[in-house]
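These notes are about the structure you will find just below.
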Amino acid sequence: MIKHHPSDALLAQYCNASLPASISVAVAIHLDMCSCCKDKVQRIEAQNAVDVFAHHNEQLQTTDLAIDELSLLDAITADDSVDDVYKVTPQTILVNQQNYQLPRALARISHGKFMQMGKLSRSRIALDDGALRSSLLHIDAGGEIPEHTHTGFELTLLLDGEFSDEDDHYVPGDFMWLDGRHQHTPITEKGCLCYTVVSSALHFNKGLSKLLNPIGNLIY
Amino acid sequence: MMVSQQLSTRCEPNTGNYTAMPQTPSKELADALSAVAANRDKHAFAYLFAYFSPKIKRFGIKQFNSEAQAMELVQDTLTSVWRKAHLYNNDKGAATTWVYTVMRNASFDMLRKMKSNKEDNISEDIWPLVEQHDNADHEFSDHLENQQIKNYLDKLPQAQRDVVKGVYFQDMSQEQLADQLNIPIGTVKSRLRLALQKLRNEMGDRND
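If you read the protein sequences in the order shown, they are chains E and U.
Sequence positions in the first sequence follow this note's numbering and run 1 to 220.
Sequence positions in the second sequence follow this note's numbering and run 221 to 428.
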């Protein structure tokens with residue numbers, strides 16, 4: 001069962017489009033996996049609609065429309081065609097001989113080739129999103145990421161498989177937000193595929209792991 | 221840009237009701253939207269236009285701090301309402317909520333274009349306007365074994381996609397297609413050229 005969800009504040013920001021694209025994508029993927037959060041979002045959207053569209057006495061009658069408004073109205077209705085229903089075809093990707101179905105929200109956003117380093121593979125999502133970088137991160141069975149902290153933040157959404165860290169065991173749909181206060185060593189027994197958003201390089205803090213800067217760069 | 225965030229380890233449904241909209245003509249708006257969807261009813265659309273345009277404009281001015289961009293939002297939103305009214309499902313919520321989601325999506329795409337100069341219009345990937353359902357597009361899939369190509373085609377604007385489908389997958393000549401779509405042959409050619417350019421770019425992107 002999914003135990004880790006976006007906070008209510010984050011859901012509210014998602015609904016009014018004030019989150020960066022890569023984080024919005026993470027929330028969208030979570031919603032397709034979590035009907036409880038999806039219900040919350042529908043409720044927030046309905047409330048937002050009330051706030052924006054409740055009657056404020058400025059409603060025009062059709063006969064009050066100004067010339068430029070009438071011409072916009074005419075321009076819009078001059079073309080009778082309708083937009084196609086937006087179809088999203090499920091996409092399967094192959095990472096290290098394993099097939100995964102991509103979440104709907106990622107099906108039409110392209111991603112780069114997987115780069116591999118040991119048991120880690122990473123593919124960059126083609127979302128130009130300022131300082132934020134989003135990726136598909138795959139860890140083979142038995143793989144782990146050395147203990148690290150985050151100078152910015154790291155959002156991890158488990159898409160498939162499982163992993164654990166010092167705090168918990170995670171299942172697909174779990175939405176984890178870590179920042180500089182957290183330290184962890186994720187480890188996976190059976191392997192996993194995650195969607196990650198990272199705001200700045202990871203910081204490895206233990207012995208030999210300090211030599212692992214390349215991993216930090218790979219993941220970031 | 222920052223996001224206030226703390227970990228949430230439970231999903232507790234909010235049980236409180238949202239504020240009702242006593243002054244909103246909910247039924248009239250929903251009926252108008254249905255009339256636009258079913259009959260391309262211009263009077264019904266004029267009613268929606270008069271109801272929503274000042275409210276969208278006010279929202280846009282808050283969002284963009286610019287009257288011109290607010291008007292662009294009015295135009296984008298109401299164009300989508302006109303062209304996508306058939307996607308509104310009466311049983312699933314108020315017409316105002318649907319128009320809100322259409323406006324929010326248009327606003328997101330505009331902001332993204334302004335901030336990072338991206339015209340990828342990914343709002344519908346983030347907030348789909350339709351529930352995902354099984355898509356049996358047989359006419360098409362029989363001819364098209366490569367799922368990838370179909371995905372690329374889906375990214376093309378409707379007009380370009382129609383031309384590519386007609387010429388490459390229904391074996392029509394450009395003249396026949398111009399006839400069928402009732403557009404000049406020059407337009408068929410230019411749409412085809414744009415579409416192929418775009419497809420090449422997309423496919424090239426993936427093979428890096």
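All C-beta atoms, glycine included, are put in the ideal place defined by N, C-alpha and C.
- request: Report yes if the C-beta distance between Ile-405 (chain U) and Gln-394 (chain U) is below 8 Å; otherwise report no.
  value: Contact: yes.
- request: Put Arg-104 (chain E) into one of helix, strand or coil per three-state DSSP.
  value: In this structure, Arg-104 (chain E) counts as helix in the three-state DSSP scheme.
Residue range of the alpha helix (DSSP H) that includes Met-334 (chain U): It spans 315 to 336 - the alpha helix (DSSP H) in which Met-334 (chain U) sits, taken as one unbroken run.
query: Beta carbon of Asp-345 (chain U), beta carbon of Ile-145 (chain E): below 8 Å?
result: Contact flag unset, no.
- prompt: Buried or exposed: Leu-10 (chain E), going by 16 or more other Cβ atoms within 10 Å of its Cβ?
  reply: Note on Leu-10 (chain E): 16 or more other CB atoms within 10 angstroms of its CB, so buried under the neighbour-count rule.
query: What did DSSP end up calling Cys-36 (chain E) once you bin it into helix, strand or coil?
result: In the three-state DSSP reduction, Cys-36 (chain E) falls in the helix class (H, G or I).
- request: Output yes or no for whether 8 Å exceeds the beta carbon distance between Cys-231 (chain U) and Cys-194 (chain E).
  value: Cβ atoms of Cys-231 (chain U) and Cys-194 (chain E): not closer than 8 Å.
- request: Could you tell me which residues DSSP puts in a beta bridge with Trp-177 (chain E)?
  value: According to DSSP, which records beta bridges pairwise, Trp-177 (chain E) is partnered with E:Leu-155.
task: Determine the direct distance from the alpha carbon of Val-95 (chain E) to that of His-5 (chain E), and round the result to whole angstroms.
output: The C-alpha of Val-95 (chain E) is placed about 26 Å away from the C-alpha of His-5 (chain E).
message: Going residue by residue through the stretch 377 to 404 of chain U, where are the continuous beta strand (DSSP E) segments of at least 3 residues, counting only ones entirely within it?
response: For the stretch 377 to 404 of chain U, not a single whole beta strand (DSSP E) run of length 3 or above is found.
- request: Identify which residue in E:Val-197, E:Ala-26, E:Val-41 and E:Lys-38 has its Cα closest to the Cα of Arg-122 (chain E).
  value: If we check each option's Cα against that of Arg-122 (chain E), E:Val-197 comes out closest.
- prompt: Along the chain, where does the beta strand (DSSP E) that runs through Val-300 (chain E) open and close?
  reply: In the structure as shown, chain E begins at 1 and stops at 220. Residue 300 (chain E) is therefore absent and cannot be evaluated.
query: What residues in its chain sit with their C-beta under 8 Å from that of Cys-15 (chain E), if we drop five residues either side in the sequence?
result: In its chain, beyond the 5 residues on either side, Val-41, Ile-44, Glu-45 and Asn-48 have a beta carbon closer than 8 Å to the beta carbon of Cys-15 (chain E).
task: My understanding is that Ala-126 (chain E) touches Gly-191 (chain E), with C-beta atoms under 8 Å, so please give their C-beta distance in whole angstroms.
output: In this structure, Ala-126 (chain E) and Gly-191 (chain E) do not form a Cβ contact; the two beta carbons are roughly 25 Å apart against a cut-off of 8 Å.
- prompt: Mind checking if Ala-21 (chain E) is an interface residue toward chain U, Cβ cutoff 8 Å exclusive?
  reply: At least one chain U Cβ lies under 8 Å of Ala-21 (chain E).
message: Can you determine whether any heavy atom of the ligand HEM sits closer than 7 Å to the C-beta of Gln-13 (chain E), and answer yes or no?
response: This structure lacks the ligand HEM; in fact it carries no ligand of any kind.
Short Cβ contact (8 Å threshold) for Val-301 (chain U) with Val-319 (chain U): Yes, they are a contact pair.
message: One question on the structure: do Ala-26 (chain E) and Leu-178 (chain E) come within less than 8 Å of each other, judged by their Cβ atoms?
response: No, Cβ-Cβ distance for Ala-26 (chain E) and Leu-178 (chain E) is not below 8 Å.
field: Residues of the stretch 292 to 311 of chain U whose Cβ lies closer than 9 Å to any Cβ of chain E, in chain order
entry: Result list: Val-294, Gln-295, Leu-298, Thr-299, Ser-300, Val-301, Trp-302, Arg-303, Lys-304, Ala-305, His-306 and Leu-307.
- request: Tell me, please, whether the CB atom of Gly-130 (chain E) is closer than 8 Å to any CB atom in chain U?
  value: Residue contact with chain U for Gly-130 (chain E): present (Cβ-Cβ distance below 8 Å to some residue of chain U).
message: Spatial neighbours of Glu-166 (chain E) within its chain, please: C-beta separation below 6 Å, excluding the five flanking residues on both sides.
response: So the list reads His-184, once near-sequence residues are dropped.
- request: Give a yes or no on whether the minimum CB-CB distance between Phe-53 (chain E) and chain U is below 8 Å.
  value: Closer than 8 Å: yes.
task: Within its chain, find whatever has a CB closer than 7 Å to the CB of Phe-269 (chain U); leave out the 5 residues flanking it on each side and keep chain order.
output: Only Leu-298 meet the Cβ criterion.
message: Rounding to the nearest angstrom, what Cα-Cα distance links Gln-13 (chain E) and Arg-260 (chain U) in this structure?
response: Approximately 34 Å between the Cα atoms of the pair.
- request: Could you tell me the boundaries of the beta strand (DSSP E) in which Ile-67 (chain E) lies?
  value: Unbroken run through Ile-67 (chain E) is the alpha helix (DSSP H), 67 to 78; no beta strand (DSSP E).
query: What number of angstroms, rounded off, separates the C-alpha of Leu-159 (chain E) from the C-alpha of Thr-92 (chain E)?
result: Their backbone Cα atoms lie some 13 Å apart in a straight line.
task: Within its chain, find whatever has a CB closer than 7 Å to the CB of Ala-379 (chain U); leave out the 5 residues flanking it on each side and keep chain order.
output: Arg-411.
message: Quick check: is the beta carbon of Cys-36 (chain E) nearer than 8 Å to any beta carbon in chain U?
response: Closer than 8 Å: yes.
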